[in-house]
Structure formats: structure tokens, C-alpha cells
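Undergrad:
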Amino acid sequence: MSINFTTAAEAVKLIQNGHHVYIQGSTSIPEVLLEALAGRGNELSGVTLYSGFAVAKGPSPYCRPEFKDSFLVDSFFVSNAVRQWIADGYGTMTPRFLGEVPALFRDGTCPVDVTLLNCSRPNADGYVSYGVSADLAFSAAECSRIIIAQINSHMPFSYGDPVIHLSQLSAAVEADDPLVEVPTAVPTEKEIRIGNFIAERIPDGATLQIGVGGIPNAVIRALHNHRHLGLHTEAMTDGILPLLEEGVIDNSLKKVMPGKSVASLALGSRRLYDYMDYNPDIVFKDVAWTNDPFRIAQNPKVMSINSCLEIDLTGQVCADSIGTKIFSGVGGQHDFVYGASRSEGGLSFLAMLSTTNKGANKIKPVLTPGAGVVTTRFQTNYLVTEHGIADLRGKNLAERAKAVISLAAPEHREELDRAAAVRFGHSYLRLR
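This note's numbering puts the first residue of the sequence shown at 5, with every later residue one more than the last.
#1: Quick one: grab the DSSP three-state call for E314.
#2: What is the rounded straight-line gap between the Cα of G45 and the Cα of F75?
#3: Return the chain-ordered list of same chain residues with a C-beta closer than 7 Å to the C-beta of A23, the five sequence neighbours on each side being excluded.
#4: With H158 as the anchor, note down where its alpha helix (DSSP H) starts and where it stops.
#5: For the beta strand (DSSP E) that G392 lies in, which residues bound it at each end?
#6: Helix or strand or just coil, what does DSSP make of M261?
#7: The alpha helix (DSSP H) with L37 in it runs from where to where?
#8: Measure the Cβ-Cβ separation of E390 and I198 and say whether it is below 8 Å.
#9: By the three-class DSSP mapping on this structure, what secondary structure does N200 have?
#10: Excluding the five sequence neighbours on either side, which residues of its own chain have a C-beta within less than 7 Å of the C-beta of P284, listed in chain order?
#11: Look at the alpha carbon of M5 and the alpha carbon of G130, and state the distance between them as a whole number of angstroms.
#12: For P297, tell me which candidate among E104, A153, L18 has the shortest Cα-Cα distance.
#13: Just verifying my parser: in three-state terms, what is the DSSP assignment at Y94?
#14: Helix, strand or coil for V167? Go by DSSP, reduced to three states.
#15: On a Cα-Cα basis, can you pick out the residue from L248, V82, L435, S49 that is closest to A60?
#16: Helix or strand or just coil, what does DSSP make of S74?
#17: Look at H232 and L257 and say whether their C-beta atoms are less than 8 Å apart.
#18: Going along the chain, which residues of its own chain have a beta-carbon closer than 8 Å to the beta-carbon of E185, five neighbours each way excluded?
#19: Could you check whether L420 and P369 sit closer than 8 Å to each other, using their CB atoms as the reference points?
#20: Given this structure, state the Cα-to-Cα distance separating I152 from N84, to the nearest angstrom.
#21: Whole angstroms is fine: what's the gap from I224's alpha carbon to V216's?
#22: Comparing C-alpha positions only, which one of P106, L121, A423 sits nearest to P115?
#23: Between which residues of its own chain and E39 is the CB-CB distance below 6 Å, once the five residues before and five after are set aside?
#24: Using a Cβ-Cβ cut-off of 6 Å (strictly less than) and excluding sequence neighbours within five positions of G263, which residues of its own chain qualify?
#25: Under 8 Å, with one C-beta from each stretch per pair, do the stretch 305 to 324 and the stretch 142 to 162 reach the 3-pair mark?
#26: Would you list the residues sitting across from A144 in a DSSP beta bridge?
#27: Using DSSP with H/G/I as helix, E/B as strand and the rest coil, what is Q302?
#28: Considering only DSSP beta bridges, list what T379 is partnered with.
#29: How big is the Cα-Cα spacing for S332 and P191?
#30: Could you compute how far the alpha carbon of I253 sits from the alpha carbon of A364?
#31: Please classify N426 as buried or exposed, where buried requires at least 16 other C-beta atoms within 10 Å of its C-beta.
#32: With H, G and I counted as helix, E and B as strand and the rest as coil, what does DSSP make of G234?
#33: Going by the beta-carbon positions, is the gap between T98 and I90 smaller than 8 Å?
#34: Just tell me which of F80, I168, S174 has its CA closest to the CA of A128.
#35: Short check: CB of N349 to CB of N295, under 8 Å?
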């Protein structure tokens, strides 16, 4: 099918002063369009640029001091593309569970005039796919008057929500723009211990939600002898490919879309993108759909596995900031922790290494000032480090403190023990 393409420079002329523009994320940021948009920086003003979870090739081209009044960066999840820009005070972020952002678009709280997409080549019926990124892109495009897409030979065609007909595009730009590839994180010895602690508690027939990084990959590596697992997750990564290929994940016992692996976005290597391409067994959905805790809970034995940055003695978990510096965002952690708590036989695991690379303790008497509480102490289930696993369900504050301290590096436990004794008094001292 022939397409009447225009140039990127012409396409972005549809963006006007004061427009609110959503930029597709995951590993599919439409870089060709953004370069063209940055080229208009000196002639535009007051253009709000929304972004969500994303992995970029580098800092965004519009993040330049001379464009500080041209483009207002407003991120729902701080990525490497805009992290320093926001830290320097030029951009900002809007705190919200990622699964709730589509509602902000749909009710007009955060208006969207333009959506910039990175799409596959069209199929025989003239439909293109957003490929690796349904997440916020689906709702943003639904709410936009103007949709500009780069039609990219490197983008896989995925099924589900992120599909649009060429006739709905306001402008199309041909692109030869390889997707960002995120290498599979090879777990360290400590991360492998964490993965084993978690995998031992995952039953056959469980429905998995697995985050990103070395620890989630360590869990996946320990699941090869499991059977009849399902996948309902926010982010799909390379790590799950062996489980799919071996039939460990067959989705046979899921209640929501049985037989299908469900995700909202993907980030990985070319191997993952090729595996997804025109694969009817993989379905991508609007993040408001995948991350709905009540939908998540319909699946049996939901196992929510996520990483975090810091934990305090009461079980409060920070996963989005380092002190006052916003590092990322909430994403779907809360949604899946809550969904797992409502699932029959469901469990949630929040895991991290007990210390930083420099040996600083990540288990704190209280969270670092400014650190955001992503998962509250009222919701915390299993906490895991390389030193063990602790179930906080039903534990009072003193009992929690004792359990959390057992997860710390031995050299930091005495300090934490003293802090717990001061904070909780006799209720803690009697547990010694």
C-alpha cells in the first residue's frame, strides 16, 4: 500500500504555540520527529511536552536552555531523556500512578492536542501498530486532534490496542530509526540469591508481573522448572523469552485473556522485538487496562515482583526518588502490589540489594528526607534482599522492624537495632 509521506519538518508545523503534545515512550521515542520539533524551538512558545516511561538514546533535543520557554517538559515518569533537565529545574513531573494517567487525558485534566507516534509499516488493511508502546500512547492518540507518526521499518507490529489506520493520521513521515535496545541485565551473585528467595515462593499456575532489571531477571532464571505460568505485566522484557519458548509461560490458567501474554509496553533487544512482530499470542493494552488493580486481581496467584531504592523500619518503600531528586516514577508498582493483594493466592515482592555500590545502607531507620513513599507500610507484603526474605503481613511495627533489620547487611544491623529500640521502646526490646 502506498503512503503519501511528508517530511518531518513539514509534519511538525502542525504543532502550534500553546499546544499540549504527548510523545510516545518505551524504547520507541519518535526521535526523527523530535529532532524536527527541536528545529522549531526558536519560533514556538508555551508548548507542553508530556512523556511517560521511556528509555531514550540520550538527552532529548528540546532540552536546551534556549528552549526553556518554548517547551515545558512535564513527565509522568522521569526517563533518562529528561532526568537532568528536570533535576536542573527547567522541566517538571506530574505525580500519578501510570495506570491513572489515561484518565487525565480523557477527562481533559491534562489536555492533549497532538500525539507523536513511532509506528510500524502498515499491514495489508492499512493499519499500523505502535509496536512496543501502548501504555499512554493509546489514550493520548484517542484524545488528540492531531496525530503525527513516523512510519518506521524497525517497529514490530503488535496486536491489541496500539493499532491505528493510516487514514487517522494527520501526517506520516518515513523513518529508518532503529529502536533503543536494552541489554538483558545479567544478575550478580547477590541478585541470584534474591531471585531464588522469590522463585521458591512462586507456585505453578501463577500469573506473573515482573519489573525491569537484574533482580527480576534473576527471578525469571529461577522459574524454568515451573509449569503453566501466565503473564499479565506492565513491561515485557527479554527475560521472559526463554519461558515463552520453553512453554513455562503458557497462560493456560489465567482468567483475564487466557492463552495470551499481556503487557502495556516492551523494552529489550532486537530479539524481543522480532519475537513480538505479528505474534498473535502477545497482546498490548492501554496501561489503564493492564494496571487496573481490580482486573489484575481477577487472575489467580498473581505474583508482583518489583525493585525499590530504599526501605525504612516500618516497611515503607521508596522506588521513585533519591532524597528529593526524582529518579523515575511510580509506574505500576502500586497497582500490581494492590492487585496481587486482592488476587486469590496472590503475593507481592519488593526487592533490592541491601547496600549501594559504595556500601551505604539502603535500609534506613527512616526514609531519606524527601524520599517518596511509593508503597506504604499498609500494603507491603514480602521484602527481599540478598540476606533473606521477610513477610510483613500481620506484623506490628516492632515485629516489622526486627524483620526488616534481618534483611540489612550485617555491618549495619547494630545501628538499626539501636534506632528501633529508641523508636519502638519496650515493644521492640522484648523481641530481642
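For every residue, glycine included, the Cβ atom is placed at its ideal position computed from N, Cα and C.
If you're wondering where the values come from, they're calculated on a predicted model, not measured in any experiment.
TA: A quick look at the data gives this:
#1: Looking up residue 314 in the sequence shown gives position 310. Three-state result, E314: strand.
#2: Residue 45 sits at position 41 when you count from the first residue of the sequence shown. Residue 75 sits at position 71 when you count from the first residue of the sequence shown. Rounded to the nearest angstrom, the two C-alpha atoms are 8 Å apart.
#3: Position 19 of the sequence shown, counted from the first residue, corresponds to residue 23. According to the sequence provided, residue 23 is His. The question's Ala does not apply to it. Answer for H23: V51, D117, V118, listed in chain order.
#4: Numbered from 1 along the sequence shown, position 154 holds the residue referred to as residue 158. Counting along the chain, H158 falls outside any alpha helix (DSSP H), and DSSP gives it neither H nor E.
#5: Start at 1 with the first residue of the sequence shown, and residue 392 comes out as number 388. Taken as a continuous stretch (DSSP letters only), the beta strand (DSSP E) holding G392 covers 392 to 395.
#6: The residue labelled residue 261 in the question sits at position 257 within the sequence shown. Three-state DSSP puts M261 in coil, outside helix and strand.
#7: As a first step, residue 37 must be located in the sequence shown, where it is residue number 33. First-last of the alpha helix (DSSP H) with L37: 35 to 42.
#8: For the purposes of this step, residue 390 is taken as the residue at position 386 of the sequence shown. For the purposes of this step, residue 198 is taken as the residue at position 194 of the sequence shown. Yes; because the gap between Cβ atoms is below 8 Å, this pair is in contact.
#9: Position 196 of the sequence shown, counted from the first residue, corresponds to residue 200. N200 falls in the helix class under three-state DSSP.
#10: Reading the sequence shown from its first residue, position 280 is the one you call residue 284. Around P284: Y163.
#11: Position 1 of the sequence shown holds residue 5. Position 126 of the sequence shown holds residue 130. Summary for M5: the model assigns pLDDT 49, below 50, so the residue's position carries little reliability, and this model does not support an answer.
#12: Numbered from its first residue, the sequence shown carries residue 297 at position 293. Closest by C-alpha distance to P297, out of E104, A153, L18, is E104.
#13: Counting from 1 along the sequence shown, the entry for residue 94 is found at position 90. Y94 falls in the coil class under three-state DSSP.
#14: In the sequence shown, residue 167 corresponds to position 163, counting from 1. Strand at V167.
#15: Sequence index remark: in the sequence shown, residue 60 carries index 56 (1-based). Measuring from the Cα of A60, the nearest candidate turns out to be V82.
#16: By one-based count along the sequence shown, residue 74 stands at place 70. In the structure shown, S74 sits in coil (DSSP, three-state: anything other than H, G, I, E or B).
#17: Taking the sequence shown and counting its residues from 1, the one referred to as residue 232 is at position 228. Taking the sequence shown and counting its residues from 1, the one referred to as residue 257 is at position 253. Their beta carbons are under 8 Å apart, which means H232 touches L257 by this criterion.
#18: Here residue 185 is taken as the residue at index 181 of the sequence shown, counted from 1. Only T31, G272, S273, R274 meet the Cβ criterion.
#19: What you label residue 369 is simply residue 365 of the sequence shown in a count that begins at 1. What you label residue 420 is simply residue 416 of the sequence shown in a count that begins at 1. Yes.
#20: One-based indexing of the sequence shown puts residue 152 at position 148. One-based indexing of the sequence shown puts residue 84 at position 80. Those two C-alpha atoms are separated by around 23 Å.
#21: Indexing the sequence shown from 1 puts residue 224 at position 220. Indexing the sequence shown from 1 puts residue 216 at position 212. Rounded to whole angstroms, I224 to V216 spans 11 Å at the Cα level.
#22: What you label residue 115 is simply residue 111 of the sequence shown in a count that begins at 1. Ranked by how close their Cα comes to the Cα of P115, the residues P106, L121, A423 have P106 in first place.
#23: Indexing the sequence shown from 1 puts residue 39 at position 35. Within the same chain, E39 has close Cβ partners P65.
#24: For the purposes of this step, residue 263 is taken as residue 259 along the sequence shown, with counting starting at 1. N255.
#25: With the cut-off at 8 Å, the stretch 305 to 324 and the stretch 142 to 162 do not touch.
#26: For the purposes of this step, residue 144 is taken as residue 140 along the sequence shown, with counting starting at 1. Answer is none; A144 lacks a bridge partner.
#27: As a working mapping, residue 302 is identified with position 298 in the sequence shown. Of the three classes helix, strand and coil, the one that applies to Q302 here is coil, per DSSP.
#28: Counting from one through the sequence shown, the residue named residue 379 turns up at place 375. Note: T379 sits in a beta bridge opposite V321.
#29: Reading the sequence shown from its first residue, position 328 is the one you call residue 332. Reading the sequence shown from its first residue, position 187 is the one you call residue 191. Going from the Cα of S332 to the Cα of P191 covers about 21 Å.
#30: As a first step, residue 253 is located in the sequence shown; it is residue number 249 there, counting from the start. As a first step, residue 364 is located in the sequence shown; it is residue number 360 there, counting from the start. For I253 and A364, the distance between alpha carbons rounds to 38 Å.
#31: Numbered from 1 along the sequence shown, position 422 holds the residue referred to as residue 426. Going by the sequence as given, residue 426 is Val instead of Asn. By the 10 Å Cβ count, V426 comes out exposed.
#32: Translated into the one-based positions of the sequence shown, residue 234 becomes position 230. Residue state, collapsed to three classes: strand.
#33: Numbered from its first residue, the sequence shown carries residue 98 at position 94. Numbered from its first residue, the sequence shown carries residue 90 at position 86. No.
#34: What you label residue 128 is simply residue 124 of the sequence shown in a count that begins at 1. It is I168.
#35: Counting from one through the sequence shown, the residue named residue 349 turns up at place 345. Counting from one through the sequence shown, the residue named residue 295 turns up at place 291. Inspection of the sequence shows that residue 349 is occupied by Gly rather than by Asn. The answer is no: Cβ separation not under 8 Å.
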